[in-house]
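Input: a single structure, listed below in structure tokens.
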Amino acid sequence: MIGVFHPGTSLVHRAPALLKLGVLAVIVTTVALLGSLAWLGAASVLVVVLFAIARVPFALAWRQVVPILWVLAFAVPVQVIFGGWEAAALMALRLVLAVALAALYTLTTPVSATLDAMQALLRPFRRWVDADRIGLALALAVRCVPLLADLVREVLEARKARGAEGSILALAVPVIVRALRTAEHLGEALTARGFDD
Amino acid sequence: MSEIVFERVSHDFEAELVVDDVSLVLRERRVGIVGANGSGKSTLARMINGLVTPASGRVVVDGLDVARQGREVRRRVGFVFTNADNQIVMPTVREDVAFTLRRHRLEKADAAARVDAALDRVGLTDLAERPAHRLSGGQKQLLAIASVLVAAPAIVVADEPTTLLDARNARRVAEHFESLDQQLVVVSHQLELLESFDRVVVMEAGRVVADDVPGAALDAYRALIG
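So the protein lines, in turn, are chains D and B. Following my numbering, the numbering of the first sequence begins with 563 at its first residue and continues without gaps. Following my numbering, the numbering of the second sequence begins with 908 at its first residue and continues without gaps.
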């Protein structure tokens, strides 16, 4: 969700976020329940077709799937040893398909649409749950990932410049202090933008 | 034009007096506030939209008491921070500008038109779908300005908006400030930014030590810092 939205006008882009979330849940659940490689192969074709309809460039789609391949590089051999090659192949295909489908959703759906969908989902429970607040919390969680990544990178550079590469203290203290200060500033900015309750 | 009134305002942080019995009436279109670090200028600016509530005295914006009617005041007063990174909430440029309007309960088409107008105003239309955190420092500050302008505030307050920018980006941001129709209050160390303003207030140790047209006020500030 962090800056991977790929703008477009395809059918997948134009579909309502709530519908896409529903379809995503149904397909991922179905994939998890499918017990044969042939059916998973058919599901793989469906996912490729969905990417084609969304007109997502292959390189961009591939970048979303690569991280799970690193996990599989360790998980598949373990599964082969304990469950056999077929169980390992089923697990690997299920995971790749689930990640690819989630990536397709984030590539074709702006975060604001997801927030709107979340708020629509929570509306029936508004007596007990503040949908605006949950939407804001989700937006902030998404925003904080690149913010904290930048912060850690800067502190790592500063630590290196001071010749303290191995020091946990030289990493943890500035990161925690700056994260708290950033949180304070972000809260102040939200207040200034009218989110003050 | 709007009116900002400070009535015998004082404030302290951890027993240290940072604003000391300040009374001002700001009616000019463009007002600058200068002062050394710790002079209380940023605290004074933050009081205008209630980010800081004075320990004593009161701040009134267009007849609204900031301490008691903070929400209404914040609808009238937009605030631009020094570090635009702290102001960005949403992943893309367009979404971040639109975020300001989430509480305004506007029709989607109306909100989209206002977002487009704000982006166009600061020249970020071509970058609307870009990840906000990957913009340059100058572009991020322009995004912060667009996020404020989209709410159509009567007053824009900016706390050292060009301090973290290089000379070229600082000039670009300053030009956008100069073109605003709103009443503008800018806290800055960059004196050339304030030279064309209508009034400059000089702060020192929490007090107003000069309050004049830019020429005289900035000369007083230069004399103060030696």
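We put the CB at the ideal spot given by N, CA and C, even for glycine.
**Contacts that B/Ala-1059 makes with chain D (C-beta to C-beta distance below 7 Å)** = Residue mapping note: residue 1059 of chain B aligns to position 152 of the second sequence, counting from 1. Correct list: empty, because the minimum Cβ distance to chain D is about 12 Å.
**Asked** Can you give the beta carbon distance from B/Leu-1072 to B/Gln-1048, rounded, assuming they're within the 8 Å contact cut?
**Response** The sequence position of residue 1072 of chain B within the second sequence is 165, counting from 1. The sequence position of residue 1048 of chain B within the second sequence is 141, counting from 1. Rounded, the Cβ-Cβ distance is 6 Å, consistent with contact.
**Asked** Excluding five sequence neighbours on each side, which residues of the same chain lie with their C-beta closer than 6 Å to the C-beta of B/Gln-1097?
**Response** If you number the second sequence from 1, residue 1097 of chain B lands on position 190. Closer than 6 Å at Cβ, skipping near neighbours: Thr-1069.
**Request:** Give the DSSP bridge partners of B/Gln-1090, in chain order.
**Result:** The residue given as residue 1090 of chain B occupies position 183 in the second sequence. Looking at the DSSP assignment, B/Gln-1090 forms a beta bridge with B/Ile-1062.
**Prompt:** Along the chain, which unbroken stretches of the alpha helix (DSSP H) at least 4 residues long are found entirely within the region 637-675 of chain D?
**Reply:** 647-670
**Message:** Against chain B, with Cβ distances strictly below 9 Å, would D/Leu-602 count as a contact?
**Reply:** Numbered from its first residue, the first sequence carries residue 602 of chain D at position 40. Closer than 9 Å: no.
**Asked** Quick one: what does DSSP say B/Arg-915 is sitting in, helix, strand or coil?
**Response** As a position in the second sequence, residue 915 of chain B is number 8, starting the count at 1. DSSP places B/Arg-915 in strand when its eight states are reduced to three.
**Asked** Under a CB-based cut-off of 9 Å, is B/Asn-1076 close to chain D?
**Response** In the second sequence, the residue the question calls residue 1076 of chain B occupies position 169. No, B/Asn-1076 lies away from the interface with chain D (no Cβ there is under 9 Å from its Cβ).
**Prompt:** Is it the case that the Cβ atoms of B/Val-967 and B/Val-912 are separated by a distance below 9 Å?
**Reply:** Numbered from 1 along the second sequence, position 60 holds the residue referred to as residue 967 of chain B. Numbered from 1 along the second sequence, position 5 holds the residue referred to as residue 912 of chain B. Closer than 9 Å, so yes.
**Message:** Let's test the definition: count the other Cβ atoms within 10 Å of the Cβ of D/Lys-722 and tell me whether it reaches 16, buried, or not, exposed.
**Reply:** Looking up residue 722 of chain D in the first sequence gives position 160. Exposed is the call here.
**Residues that D/Pro-672 contacts on chain B, provided the C-beta gap is smaller than 7 Å** = If you number the first sequence from 1, residue 672 of chain D lands on position 110. The contacting residues are Thr-999 and Glu-1002.
**Prompt:** How many angstroms separate the CA atom of B/His-1011 from the CA atom of B/Asp-972?
**Reply:** Taking the second sequence and counting its residues from 1, one reaches residue 1011 of chain B at position 104. Taking the second sequence and counting its residues from 1, one reaches residue 972 of chain B at position 65. B/His-1011 and B/Asp-972: Cα-Cα distance of roughly 21 Å.
**Asked** Where does B/Met-954 fall in DSSP's three states?
**Response** Within the second sequence, the letter at position 47 stands for residue 954 of chain B. DSSP places B/Met-954 in helix when its eight states are reduced to three.
**Item:** B/Ala-1039 versus D/Trp-647: straight-line alpha-carbon distance, rounded
**Value:** Translated into the one-based positions of the second sequence, residue 1039 of chain B becomes position 132. Translated into the one-based positions of the first sequence, residue 647 of chain D becomes position 85. If you take the alpha carbons of B/Ala-1039 and D/Trp-647, they lie about 44 Å apart.
**Request:** Give the DSSP-derived three-state secondary structure of D/Met-563 in the structure shown.
**Result:** Reading the first sequence from its first residue, position 1 is the one you call residue 563 of chain D. With a pLDDT of 48 at D/Met-563, under the threshold of 50, the modelled position of that residue is not reliable, and the figure given next carries that caveat. Coil, per DSSP.
**Prompt:** Can you name, in chain order, every residue of its own chain whose Cβ lies under 6 Å from the Cβ of B/Thr-989, other than the five neighbours on each side?
**Reply:** Looking up residue 989 of chain B in the second sequence gives position 82. Correct list, in chain order: Asp-1066, Glu-1067 and Thr-1070.
**Asked** B/Ala-991 to B/Ala-1053, Cα distance in whole Å?
**Response** Here residue 991 of chain B refers to the residue found at position 84 of the second sequence. Here residue 1053 of chain B refers to the residue found at position 146 of the second sequence. For B/Ala-991 and B/Ala-1053, the distance between alpha carbons rounds to 11 Å.
**Item:** Beta carbon of D/Leu-683 nearer than 9 Å to that of D/Leu-586
**Value:** By one-based count along the first sequence, residue 683 of chain D stands at place 121. By one-based count along the first sequence, residue 586 of chain D stands at place 24. No.
**chain D contact residues for B/Arg-1043, given Cβ-Cβ distances below 7 Å** = Residue mapping note: residue 1043 of chain B aligns to position 136 of the second sequence, counting from 1. The residue asked about is misnamed: residue 1043 of chain B is Ser in this sequence, not Arg. Ordered by position in chain D, no residue passes the 7 Å Cβ test against B/Ser-1043, which lies about 14 Å from the chain.
**Request:** Mind listing the chain D neighbours of B/Met-920? Cutoff is C-beta to C-beta under 7 Å, in chain order.
**Result:** If you number the second sequence from 1, residue 920 of chain B lands on position 13. This sequence places Phe at residue 920 of chain B; Met is not what is there. Within chain D, no residue comes near B/Phe-920; the closest Cβ sits about 13 Å away, beyond 7 Å.
**Request:** Select from the region 945-967 of chain B all residues with a C-beta closer than 7 Å to any C-beta belonging to chain D, and list them in chain order.
**Result:** Asn-956 and Leu-958
**Message:** Between the region 596-607 of chain D and the region 650-660 of chain D, can you find at least three pairs of beta-carbon atoms closer than 8 Å?
**Reply:** Counting Cβ pairs under 8 Å, three or more are found: they touch.
**Prompt:** Around the C-beta of B/Asp-1003, are 16 or more other C-beta atoms found within 10 angstroms, so that it is buried, or is it exposed?
**Reply:** Counting from one through the second sequence, the residue named residue 1003 of chain B turns up at place 96. Counting Cβ neighbours within 10 Å, B/Asp-1003 comes out buried, since at least 16 surround it.
**Message:** Distance check for D/Glu-750 and B/Gln-994, CA to CA, integer angstroms please.
**Reply:** Looking up residue 994 of chain B in the second sequence gives position 87. Looking up residue 750 of chain D in the first sequence gives position 188. Looking at the two C-alpha atoms, the distance is approximately 9 Å.
**Prompt:** If you draw a straight line from the C-alpha of D/Val-610 to the C-alpha of D/Ala-577, how long is it?
**Reply:** Taking the first sequence and counting its residues from 1, the one referred to as residue 610 of chain D is at position 48. Taking the first sequence and counting its residues from 1, the one referred to as residue 577 of chain D is at position 15. Each residue's alpha carbon lies about 18 Å from the other.
**Prompt:** In its own chain, which residues sit with a C-beta less than 6 Å from the C-beta of D/Thr-670, not counting the 5 before and 5 after it?
**Reply:** Residue mapping note: residue 670 of chain D aligns to position 108 of the first sequence, counting from 1. Here the set comprises Val-574, His-575 and Ala-616.
**Message:** If the criterion is Cβ atoms closer than 9 Å, does the pair B/Val-938 and B/Asp-1105 meet it?
**Reply:** Here residue 938 of chain B refers to the residue found at position 31 when the second sequence is read from its first residue. Here residue 1105 of chain B refers to the residue found at position 198 when the second sequence is read from its first residue. Yes, Cβ-Cβ distance for B/Val-938 and B/Asp-1105 is below 9 Å.
**Request:** Look at the alpha carbon of B/Val-1055 and the alpha carbon of D/Leu-752, and state the distance between them as a whole number of angstroms.
**Result:** The residue you call residue 1055 of chain B lines up with position 148 of the second sequence. The residue you call residue 752 of chain D lines up with position 190 of the first sequence. Distance between the alpha carbons of B/Val-1055 and D/Leu-752: 12 Å.
**Prompt:** Just checking, does the region 1027-1041 of chain B make contact with the region 917-937 of chain B on the three C-beta pairs under 8 Å criterion?
**Reply:** Inter-segment contact for the region 1027-1041 of chain B and the region 917-937 of chain B is absent: fewer than three beta-carbon pairs are separated by less than 8 Å.
**Request:** Would you mind reading off the limits of the alpha helix (DSSP H) that contains D/Arg-740?
**Result:** By one-based count along the first sequence, residue 740 of chain D stands at place 178. Run containing D/Arg-740: 731-754, per the alpha helix (DSSP H) assignment.
**Request:** Over the uninterrupted alpha helix (DSSP H) stretch that includes B/Asp-928, give me the two end residues.
**Result:** What you label residue 928 of chain B is simply residue 21 of the second sequence in a count that begins at 1. Where B/Asp-928 is concerned, there is no enclosing alpha helix (DSSP H), although the beta strand (DSSP E) it sits in stretches over 923-933.
**Asked** Does any CB atom of chain B fall closer than 9 Å to the CB of D/Glu-719?
**Response** Here residue 719 of chain D refers to the residue found at position 157 of the first sequence. Output row for D/Glu-719: interface = no.
**Request:** State yes or no: is the beta carbon of D/Ala-577 nearer than 9 Å to at least one beta carbon in chain B?
**Result:** In the first sequence, counting from the first residue as 1, residue 577 of chain D sits at position 15. Chain B contact via Cβ: absent.
**Asked** Can you list, in chain order, the residues of its chain whose CB lies under 6 Å from that of D/Ser-606, leaving out five sequence neighbours each side?
**Response** By 1-based counting over the first sequence, the position of residue 606 of chain D is 44. Nothing meets the Cβ criterion.
**Message:** Rounded to the nearest angstrom, what separates D/Pro-569 and B/Glu-1036 at their Cα positions?
**Reply:** In the first sequence, counting from the first residue as 1, residue 569 of chain D sits at position 7. In the second sequence, counting from the first residue as 1, residue 1036 of chain B sits at position 129. So the alpha carbons of these two residues sit roughly 7 Å apart.
**Message:** Please report the straight-line C-alpha distance between D/Gly-728 and D/Gly-584, rounded to a whole angstrom.
**Reply:** Taking the first residue of the first sequence as 1, we reach residue 728 of chain D at position 166. Taking the first residue of the first sequence as 1, we reach residue 584 of chain D at position 22. D/Gly-728 and D/Gly-584: Cα-Cα distance of roughly 47 Å.
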